[in-house]
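This report refers to the structure that appears directly beneath it.
There are 2 protein chains.
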Amino acid sequence: MEVGRSIPRVDGADKVTGRAKYTDDLCPRPVLEAAVLHSTIANGWVKAMDISAAQALPGVVKVLTCFDVPDIQYPTPGHPWSVEKAHQDVADRKLLNRRVRIYGDDIAAVVAEDAITARRALKLIRVEYEEYPVLLEPEQAMAEGATPIHAEHPDNILAKMDLRTSISDDRFETVEQVLDSPDFFQFRGRYETQQVQHCHIENPVSFAWMEAGRIHVVTSTQIPHIVRRVIGQALGIGWGKIRVVKPYIGGGFGNKQEVLYEPLNAWLTTQVGGRCVRLDISREETFQNTRSRHPISFDVAAAVDRDGNLMARSCTAISNQGGYASHGHSIVANSVTGFRQLYLDRIGHHSTAYTVYTNRPAPGAMRGYGIPQCNFAVECMMEDIARAMELDPIAFRLKNLMPLGYVDPFNGITCHSTGLKECIQKGAQAIGWEELRARYKDQTGPVRRGVGMACFSYKTGVYPISLETASARLVLNQDGTVQLHLGATEIGQGGDTVFSQMAAEAIGIPTEDVHIVSFQDTDTAPFDTGAYASRQTYVTGKAIKKVGLEFRQKLLDYAAELFPEAKDLTISERFVTNGAGERLISLEELATTAFYSLEHSVHITAEGTNHCKENTFAFGCCFAEVEVDIPLGKVKVLRMINVHDSGRLINPALAAAQVHGGMSMGIGYALTEEMKFDPKTGRLLNGNLLDYKMPTSMDHPDLTALFVETDDPSGPFGNKALGEPPVIPVAPAIRNAVLNATGVAVNTLPLSPQKLVEEFTKGGLIGHV
Amino acid sequence: MEVGRSIPRVDGADKVTGRAKYTDDLCPRPVLEAAVLHSTIANGWVKAMDISAAQALPGVVKVLTCFDVPDIQYPTPGHPWSVEKAHQDVADRKLLNRRVRIYGDDIAAVVAEDAITARRALKLIRVEYEEYPVLLEPEQAMAEGATPIHAEHPDNILAKMDLRTSISDDRFETVEQVLDSPDFFQFRGRYETQQVQHCHIENPVSFAWMEAGRIHVVTSTQIPHIVRRVIGQALGIGWGKIRVVKPYIGGGFGNKQEVLYEPLNAWLTTQVGGRCVRLDISREETFQNTRSRHPISFDVAAAVDRDGNLMARSCTAISNQGGYASHGHSIVANSVTGFRQLYLDRIGHHSTAYTVYTNRPAPGAMRGYGIPQCNFAVECMMEDIARAMELDPIAFRLKNLMPLGYVDPFNGITCHSTGLKECIQKGAQAIGWEELRARYKDQTGPVRRGVGMACFSYKTGVYPISLETASARLVLNQDGTVQLHLGATEIGQGGDTVFSQMAAEAIGIPTEDVHIVSFQDTDTAPFDTGAYASRQTYVTGKAIKKVGLEFRQKLLDYAAELFPEAKDLTISERFVTNGAGERLISLEELATTAFYSLEHSVHITAEGTNHCKENTFAFGCCFAEVEVDIPLGKVKVLRMINVHDSGRLINPALAAAQVHGGMSMGIGYALTEEMKFDPKTGRLLNGNLLDYKMPTSMDHPDLTALFVETDDPSGPFGNKALGEPPVIPVAPAIRNAVLNATGVAVNTLPLSPQKLVEEFTKGGLIGHV
């Protein structure tokens, strides 16, 4: 069994020894360097630009402005293309923009012989603007008379959605009636999440050149095939005219599921005769000009019967989309859907969601895709209801959890397996829930402890909201080993390792005999939409299994030619054996024979597509124990345990590592991280790793990752989503632990000292000076 | 029709603008530099080596010697592997050799931080030798008491072959009886060819590093998949553990059909912790340590009836193999086979061939693979017989040519098509043969003119002597264009262009819509043995056609899903049309739909192997008009016309360019090129481009390439060999023209001034001083 083994990462040794090649390692030197000029206003127009001094600077090859770019609006998100126009992404930006929508918008670019010259030239460009008031919050942007940020949306609302389930109780006609009924306990609340950045180690970097009349781009991306397509759209050329290569990447977390600077880089090379141009985005630019996680506010209501059964809920989510549509309405739509799915409303549910343009840097995909936000809302709400009704918060949740066999009424996604109840029980036992809740009941004094938890559900991939398709290719080597060739990407998550294990399992060989082609080259790699939506082990995994079995059959068919008398051939321990378990031929000899036979030479390969029309839910929970220094507003996480049902684990050690990373990201989301803006200018105030506070190892307790393994019938190897989930329940678990410790319910993120001191003061724990 | 069009080379623009990437362009810098220590004796043993001073030099990373290398003997030639031990290549060298067999043998290597340090370190290595007498000629090596150069061959004869056809005339029992019969005109002669070098522009260069536990090698080669295999053999590791990448190369001509320094480079990286090591072979090393064309002597005899019908011939060829087996006996075997095949012996034929080890740099494959040598012998002989019998040399040849339908009695290769007679007639007419022969009949004076010609036949690929197998892969792009993915290599000959035309023809799309993946990466490229034996347009062409038709059918099948009512679907002008010629869908829309359809998403590709079990003969002839300055011994080529039957031409302009290159190479072979050795030490005396005389543009007349297009029924598109043939008939045509001008038959190559003055003196044209 290759699946289920905790083998070391196939890329591990290279990465720890510095041998692994990232985009910038592959860039030829010397190379032309590009730099981008960013606007110094957040809302307005570029009226005129004087580039004469910049163009005259020695070493400057070319200065290009928003007046020079192709008149093509293009979309940036890493979605599969849709053949239906209505389902295509919002095309709302050009390569460089005259209409400035964020502070720091891309308005010009310089290509120079070296990076210093390029940056010096930027300073020589004179810009004349027409300026409008800055709109940073949805309320400002939606207000009467606010300037439309995109002319197509005069009210600055990119999209609105209103979804009502059917009402299952004849006494009511609407959810609102249930939420007003005196028969039930009624709850209302508002929860808000903040804008945070992915903070991957490797900033976006790419280089591009022309060869054979085509544009070649090497870039740090999660989605090479989609990058190819979006460059084609942005430049208005055939997608086959573009080649994208993806080396190892230093993290993405969804930010590299968007096609940000590759189209500009591709266009720049076409403007300098095809010479190689490098575009290296700084950390500050990464904060300001790439993506982030949406701030979303949730106004929620719930009706609960006296036994603690959820009867109905409503949720109005407003998502701050910043200056560009990016993934459009998808993320807040996912958010309200996730809010609804985790718990069962016995009578009905009503969701409303808005996506609103503002002048903030545009948020996009970030690990969890709207679910960390809704999970904060729903898990705070569940805690607050339980507290108000004096129910045990775990028992209350268990009573209302999504059951096995649940089918979403809107998208049909089915709960094919669930271990969530067992996850909660396992986590509670591991942290000593009962004992801690009892111990922390009646604390006094400035430093108090508390324990909290939160659950989540998460779907696997994007079907049926969008297309799920993946291909794989296997190529036999002469020594009986195999090349595994995918369009799916290793982005630090361990994809290459689990893909190799899956291929080995399907073929029946050791994982050591599978050599994965890690870098995707869109000229030759099978097609796959890439790393996002926790889809690859599931969707690509199905393709690997399908093609692996076909490849295995080809090996056995060739063996059958050599041993026509043999029966029930199978592969075992690098040999083809017959039904009696006798070794007929080693795979090495079989391979060499197939290559070089004078009777029948064939180079055995298999390639195919799996169009995936299934989905399933992963589950899990987080338990956190905290110590709160009330006067300092300081939360110390003492212990944290995540318990996950991600189906069958392909590689338990890598799964645990993935959970650790997610928990760490969740701690930052809960306690310290927030992008802050100057309300006047719209300028990002803390767009660097000094002022933007990520948690360090000093802010972490030991992290514990536990699993409840289910065998999902829809998963290729019983597996389901694992990539994004670990981050989801951490912030509400910490918030609920702080509530448990202090009795103060903090309803906005992050739980920073500044905010906690305010909240504790309001709550009477800190006296007014 | 895409086949038959003279479209520009697909790599042309990049190559003339300097944008095309060759191996060294891709090497990361800084990089560890390797240098090889060469022996200063030609025959003997390394008894001891002191590397202490070299190892102590700052900047030296590692010094490795013939005492350190794996104890593995491996073969170097670019043949397909054979599963039968008896047919495997001779494994007669190690990575570095204690047993020194040529002057300059590889005995140690230094890896240093820079190239200057590496070369300085070489000078610090002290070597102690045991030395044997130097054996440069087969006669010396075969002499009684000569030191065995390889212990396995005490008589220094690597191989001997003796082939007799059956005798078709009851009056004789052996060919020798025919050759003694007074019934026939009897002829005896001896012809000798010299050792020459390929002199490709780009010397061998490679770099290698380790990643994911595997060895990666980028190298200038004709045969990336074979390089992979030989590295595996030389290092004793699984072939799947090696990845070879072949970029554009600056010529090969057969020298890069051998695996020369890649195994050493691969091993060196394993000895320095997998760091990237570059091994750049100098021009001098290329002359001394890589391959060359075999010097072969031919002792021939013929019996001819009075009507000019060849009755029988015999040929004893002795091939000087130098210090290493390289391609072993194959080349002289091919040589005597080619000698026999071109003309028909009505009673019988007897060939004997010897391959003899000497202490010369080892010859190997070079354009023509033994045929330029035998062609010099056979075409001189035919001329000399005609002259002696006072027959018209063209009429004499026409009477005896290989006929259509000829089947070789030993290997079964069949003449499926022949335009040789038409080639000869076309060439004779173009040069004005009759008129010139009459005009040059009775010349006197020091400067005389002459006209000569020679014919040849050449098989296409290596079947059935060896395996012929090739794979191809086609990948649909979203814009309806196609990636063509091959293991076959562009080596400057225009392969990429004609492969693209063939794929376009098979699919039914314009060649502009085929994007060839030029660089071979053995991790992902389909398998192909590579560029040699003029095989690729024939053998790989069959694979392209097979896979192209399968790919086309997949496109049509998908279209049929979309248009179930439509009939007789075909592809025309980038559209799928029905039987009535109506356009149903563009290929672009078809492709996009196939990728992104929510009903049936499939990424259309096709991949497959063609095991080629056919062969056929290409033909041609050369006509040369020369002016000979007798006192100076100087030959000036006034006009030269090659006429070729290579079947149907895929790209006539590229075919003509290929012929021009071959003619140029033939002029050097005929007149000026020869590797010269110090008989005492065995040291090569002219191993550089100053002392080794290649012809320059000043030595060339205008070259004319003409064709007689046949439609070979065995060729994928009616085509047959073209790569090597143009060089073959040039030297005998020039020699025969000199004979025509002066009456002096020069029977050894080259026709250098030194030699001609001697021959003219012997012939009485120059008086003794």
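Quick note, the sequences are listed as chains Y and B, same order.
Position 463 (the first sequence) corresponds to 463 in my numbering; numbering is contiguous.
Position 682 (the second sequence) corresponds to 682 in my numbering; numbering is contiguous.
All C-beta atoms in this analysis are idealised placements derived from N, C-alpha and C, irrespective of residue type, glycine included.
N-terminal and C-terminal residue of the alpha helix (DSSP H) that residue i is part of
| i | result |
| --- | --- |
| B/Ala-731 | 730-742 |
| Y/Phe-187 | Element bounds for Y/Phe-187: not the alpha helix (DSSP H) but the beta strand (DSSP E), 185-192. |
| Y/Gly-662 | 652-671 |
| Y/Leu-598 | From DSSP, Y/Leu-598 is part of no alpha helix (DSSP H); its letter is neither H nor E. |
| B/His-225 | 224-235 |
| Y/Thr-76 | It is not in any alpha helix (DSSP H) - Y/Thr-76 carries neither H nor E in the DSSP assignment. |
Rounded separation between residue i and residue j - CA only
| i | j | result |
| --- | --- | --- |
| Y/Leu-632 | Y/Ala-488 | 47 Å |
| Y/Lys-459 | Y/Ile-641 | 22 Å |
| Y/Glu-137 | Y/Asp-105 | 18 Å |
| Y/His-603 | Y/Leu-476 | 7 Å |
| B/Ser-466 | B/Pro-80 | 7 Å |
| B/Ile-331 | B/Asp-162 | 15 Å |
| Y/Asp-691 | Y/Lys-123 | 25 Å |
| B/Tyr-558 | Y/Gln-520 | 26 Å |
| Y/Arg-449 | Y/Ala-438 | 12 Å |
| B/Lys-160 | Y/Ala-20 | 51 Å |
| B/Ala-91 | B/Thr-76 | 8 Å |
| B/Pro-361 | B/Arg-735 | 27 Å |
| B/Val-36 | B/Ala-109 | 4 Å |
| B/Ala-363 | B/Ser-292 | This sequence places Pro at residue 363 of chain B; Ala is not what is there. So the two alpha carbons sit approximately 4 Å from each other. |
| B/Gln-754 | B/Lys-634 | 9 Å |
Where the beta strand (DSSP E) through residue i begins and ends
| i | result |
| --- | --- |
| B/Leu-584 | 583-586 |
| Y/Ile-107 | 106-112 |
| Y/Ile-215 | 214-219 |
| Y/Asp-774 | No answer is possible for residue 774 of chain Y: the residues shown for chain Y start at 1 and end at 769. |
| Y/Ala-618 | 617-629 |
| Y/Trp-209 | 205-211 |
| B/Glu-130 | 126-131 |
| B/Glu-573 | Taken as a continuous stretch (DSSP letters only), B/Glu-573 belongs to no beta strand (DSSP E), as it is neither H nor E. |
| B/Asn-610 | 605-611 |
| B/Leu-773 | The requested residue 773 of chain B does not occur in the structure, where chain B is confined to residues 1 to 769. |
| Y/Thr-704 | 703-707 |
Nearest neighbour of residue i, chosen from the options [CA to CA]
| i | options | result |
| --- | --- | --- |
| B/Glu-130 | B/Ala-109, B/Arg-99, B/Ile-157 | B/Arg-99 |
| B/Gly-723 | B/Leu-555, B/Ala-580, B/Asn-747, B/Tyr-532 | B/Tyr-532 |
| Y/Val-356 | Y/Gly-687, Y/Arg-190, Y/Gly-368, Y/Ile-318 | Y/Ile-318 |
| Y/Pro-799 | Y/Ala-42, Y/Thr-592, Y/Ala-112 | An answer regarding residue 799 of chain Y cannot be provided, because it is not within the stretch 1 to 769 covered by chain Y. |
| Y/Glu-422 | Y/Ile-394, Y/Met-389, Y/Ala-438, Y/Asn-411 | Y/Ile-394 |
| B/Ala-503 | B/Glu-550, B/Phe-677, B/Thr-469 | B/Glu-550 |
| B/Asp-712 | B/Tyr-538, B/Thr-742, B/Ala-737, B/Lys-693 | B/Tyr-538 |
| B/Ala-301 | B/Glu-607, B/Ala-312, B/Ile-125 | B/Ala-312 |
| Y/Tyr-324 | Y/Gly-412, Y/Asp-307, Y/Lys-567, Y/Tyr-74 | Y/Tyr-74 |
(message) Closer than 8 Å is the cut-off here; do at least three beta carbon pairs connect the region 474-484 of chain B with the region 512-526 of chain B?
(response) yes
(request) Please go through the region 255-311 of chain Y and give each complete beta strand (DSSP E) segment of 3 or more residues, from N-terminal end onward. (result) 277-280, 296-304
(request) Report the residue ranges of all beta strand (DSSP E) runs contained in full by the region 391-456 of chain Y; include only those spanning at least 3 residues, in chain order. (result) none
(request) Please confirm if the region 714-734 of chain B is in contact with the region 679-690 of chain B, defined as three or more CB-CB distances below 8 Å between the two stretches. (result) no
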